[in-house]
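Below is one structure, written out as structure tokens, with a few remarks after it.
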């Protein structure tokens, strides 16, 4: 292989990324060719100079700065979800919540049914014992209306009467009907 | 190779194991990864984008991406390959964003000798100390790397400072091993030209830019 082709392979040869055949060729040629050996040395030295590139030290607080940024970016509910995902209460909280919800629903259902049954019972009992009282109360509440209706009817009758005597007797009749006198 | 078999083959990677432990809820494992890789990622980015402040921000963002992707993480490569891919993408995005803002004020100056030499900051120095010489060499090397096209620069940084194989570099850069071979060959040729010229001029006091 001629010098031009060997020099093309030198950069990869120095990285030890040539196959065995090409590696042997470059090694053999550069051991005999002064110009190619010089070229190889220049490649190696310029590559070694890269060691002189100074490094920088990270900010000593880079870790705390990172976690601060994490907490600032995360919404509060995600923090809670993360705690659940990381297993903080995963084995206990979720089942506990499920049982609690079930118990609450069951309790509420039972309570409602009890309330309903109790009220029905009270209504039934009320009907048996206090039906008459309720009826009387309804009469009393509507007495004004009843009286008005009766009075109006009577007044109509009175209007139709000609004599005072007839009026008096009719008034008596009215009283009797209204007050059961 | 399907996802399951590739995942199994990378689970021998100790860093992948730490990531899987973090996925299971162990935050301490994530901190171990961060302690191990943060300085390396920071310097990788800094060699690409020579601004400490920007490099710190990008390094933080790279680890934030790792942190946020924990639930969907499936090992498709070595952990460091994946991490450097994230850092590479963020760095390239930042670089392209800055390119739109105009040329860098730190661009090296071409001397009358035809080589690229960075101006010395302290023009009044008559007897530079070893530290200053070392710093100057570092600056020259830094300038030579910055002169490289993006892809060549990326390949050099991953090979020279992270010791990734051609295959790992190819995976990180989303290309082929053959393309990486070509990139590194051209990059080394460019570095040889730039750094060989600096070596020839040698003494800083002979730098024509320092006179007057």
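Residue numbers (the working numbering), protein chains in the order written: chain A, 1 to 181; chain B, 1001 to 1212.
Note that beta-carbon positions come from the ideal geometry of N, C-alpha and C, so glycine has one too.
Contact with chain B by residue 17 (chain A), beta-carbon distance below 7 Å:
yes
For residue 1151 (chain B), which three-state DSSP category applies?
helix
Same chain, Cβ closer than 8 Å to residue 1084 (chain B), five either side skipped, listed in chain order:
1041, 1044, 1158, 1162, 1164 and 1172
Helix, strand or coil: which one does DSSP assign to residue 1043 (chain B)?
helix
Check whether the Cβ atoms of residue 29 (chain A) and residue 6 (chain A) lie closer than 7 Å to each other.
yes
Residues of chain A with CB under 7 Å from residue 1047 (chain B), in chain order?
53
Round the Cβ separation of residue 14 (chain A) and residue 44 (chain A) to the nearest angstrom and send it over; I've been treating them as touching at under 8 Å.
6 Å
Which residues bound the alpha helix (DSSP H) around residue 1070 (chain B)?
That residue, residue 1070 (chain B), is in no alpha helix (DSSP H); it is neither H nor E in DSSP.
For a quick check, are the C-beta atoms of residue 58 (chain A) and residue 1039 (chain B) less than 7 Å apart?
yes
With residue 1165 (chain B) as the anchor, note down where its alpha helix (DSSP H) starts and where it stops.
Here residue 1165 (chain B) belongs to no alpha helix (DSSP H), and DSSP marks it neither H nor E.
Could you check whether residue 1034 (chain B) and residue 1079 (chain B) sit closer than 7 Å to each other, using their CB atoms as the reference points?
no
Would the region 1137-1147 of chain B and the region 1184-1199 of chain B be scored as touching if the rule is three or more Cβ pairs under 8 Å?
yes
With a cut-off of 8 Å on the beta carbons, I'd call residue 1054 (chain B) and residue 1023 (chain B) a contact; round off their distance for me.
The Cβ separation is near 30 Å, so there is no contact.
Determine, for residue 1056 (chain B), whether the minimum Cβ-Cβ distance to residues of chain A falls below 7 Å.
yes
From residue 1028 (chain B) to residue 4 (chain A), what distance separates their C-alpha atoms?
54 Å
To the nearest angstrom, report how far apart residue 1064 (chain B) and residue 66 (chain A) are at their CA atoms.
8 Å
Are residue 1151 (chain B) and residue 1183 (chain B) touching if we call contact CB-CB under 7 Å?
yes
CA-CA distance, residue 1075 (chain B) and residue 1169 (chain B)?
17 Å
With a threshold of 6 Å on Cβ separation, who are the neighbours of residue 1046 (chain B) within its own chain once the five nearest residues in sequence on each side are excluded?
1055
Tell me the residue span of the alpha helix (DSSP H) that contains residue 72 (chain A).
62-73
What did DSSP end up calling residue 12 (chain A) once you bin it into helix, strand or coil?
helix
Contact set between residue 1039 (chain B) and chain A, taken where Cβ atoms lie within less than 7 Å:
58
Can you name the start and end residues of the alpha helix (DSSP H) that residue 54 (chain A) belongs to?
Taken as a continuous stretch (DSSP letters only), residue 54 (chain A) belongs to no alpha helix (DSSP H), as it is neither H nor E.
Interface residues of chain A facing residue 1138 (chain B) [CB-CB closer than 7 Å]
52, 53 and 54
Can you name the start and end residues of the alpha helix (DSSP H) that residue 1014 (chain B) belongs to?
1014-1023
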